[in-house]
Amino acid sequence: MLMMRKYLFSAGFALLVAATSVSMTVMTPPAFASEIKYVVNDIPITSGDIAHRAAFLKLQHKKGGDAAQEMIDQTLRLAEARRLGIRISDAQVEAAYQRFASGNKMQLSQLDGVMEKSGVTKEHFKEFIRAQMAWNQALSARYRSGEGGSVTEQDAVRRMLDKGGAKPSATEYMLQQVIFVVPAAERSATLAKRKREADAMRARFNGCNTTREFAKGLIDVTVRDLGRVLAPQLPPDWAEQIKATKVGGATVTRETERGVEFIGICSSREVSDDKTAQMVFQSEGSNDKAADDLSKKYVDELKAKARIVKR
């Protein structure tokens, strides 16, 4: 899973060097009228969308890219993610945009300027980020369902025996999720306050046994025991934070579509059995080519069923 996630995001953020290299030389593009060019399952794609994507491809130094086709694919991917119940919040997109800026040693205002001057616009880039994050989750779900080349427990044991080694091990976590719920209608008014409350509770966290006691006097706080989770099965958005957190501690708080959340690490241990071997081998097998092939197959299936009308 880790390799697949890395592939999707490296593909999405390919302009790391390009953005900084052109930021001082690009000219502000002329304004243009926007009209509907395609309708994909009743969702319009405008000439403006296509022009922004063409500018994005140029910024990445991608030659021969088809901006219209990329927008059709992105529309299909977002629609499929919505069908699966996947929602990427504005807060998640903003956080990714800020990470992109800091990763390129840029202030947000500088990145905004690059996006505007190149003709991409920050709004188009943020929607691209949203689509990449949503598609990553959709593709990971598809992979877990077995279409990425599933490995049975018997296959995993056979591969282990063929190599003449011991069964691979993996860390098994006992996790607890704490959600400070923020209704969508109250998000702008209460999110900052709820984050302060979540940060305060996280600072007091010292193990999973006392979490519900701490939450008793708080309004709209949900505590969920997630049970045992192997490292290869960790949710992509949380995996690195969970691995970096000591037992008895909690991850940093994150703003999500549900509100503000953190995950407590109740316990961890190294396990080695047939199920673990299956998960480890399957995780190791998810390379870039496999992710590319699975993504292409998935999108091709969506296209075959879609109503795509050119205006």
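If you count by mature numbering (1 follows the signal peptide of the UniProt record, and there is no 0), then the sequence shown holds residues -33 to -1, 1 to 278, one letter each, in order. Heads up, the beta-carbon is just placed ideally off N, CA and C, and yes, glycines get one too.
Inset, instruction - Alpha carbon to alpha carbon, how far is residue 153 from residue -32? Give it in angstroms, no decimals. - result: Bear in mind that a pLDDT of 33 at residue -32, under 50, signals an unreliable position, so the number given afterwards is only what the model happens to contain. If I take the Cα positions, the gap works out to 35 Å.
Inset, instruction - Counting only the same chain and skipping the five closest in sequence on each side, list residues whose C-beta sits under 8 Å from that of residue 162. - result: Answer for residue 162: 147, 220, 222 and 227, listed in chain order.
Legend entry - Sufficient close CB pairs (3 or more, under 8 Å) joining the stretch 89 to 107 to the stretch 30 to 47: The stretch 89 to 107 vs the stretch 30 to 47: in contact.
Inset, instruction - Ignore the nearest five residues each way along the sequence and tell me which others in residue 45's own chain have a CB closer than 7 Å to its CB. - result: 98 and 101
Inset, instruction - Could you check which residue in 21, 272, 199 and 22 has the C-alpha nearest to that of residue 237? - result: 199
Inset, instruction - Determine the contact status of residue 78 and residue 68, defining contact as a CB-CB distance below 8 Å. - result: yes
Inset, instruction - For residue 11, write down the residues that DSSP places opposite it in a beta bridge. - result: Answer is 6, bridged to residue 11.
Inset, instruction - Go ahead and pull the three-state DSSP assignment for residue 189. - result: strand
Legend entry - residue 264 versus residue 157: straight-line alpha-carbon distance, rounded: 42 Å
Inset, instruction - Could you say which of 25, 60 and 53 lies nearest to residue 108 if we only look at CA atoms? - result: 53
Legend entry - Nearest candidate by alpha-carbon position, reference residue 275, set 206, 7 and 138: Taking each of 206, 7 and 138 in turn and checking the Cα distance to residue 275, the smallest one comes out for 7.
Inset, instruction - For residue 164, collect the residues of the same chain with a Cβ closer than 7 Å to its Cβ; drop the 5 residues on either side in sequence, then sort them by chain order. - result: 147 and 185
Legend entry - Test item: CB-CB of residue 106 and residue 201 under 8 Å: Contact flag unset, no.
Inset, instruction - Whole angstroms is fine: what's the gap from residue 82's alpha carbon to residue 66's? - result: Straight-line spacing of the CA atoms in residue 82 and residue 66 works out to 15 Å.
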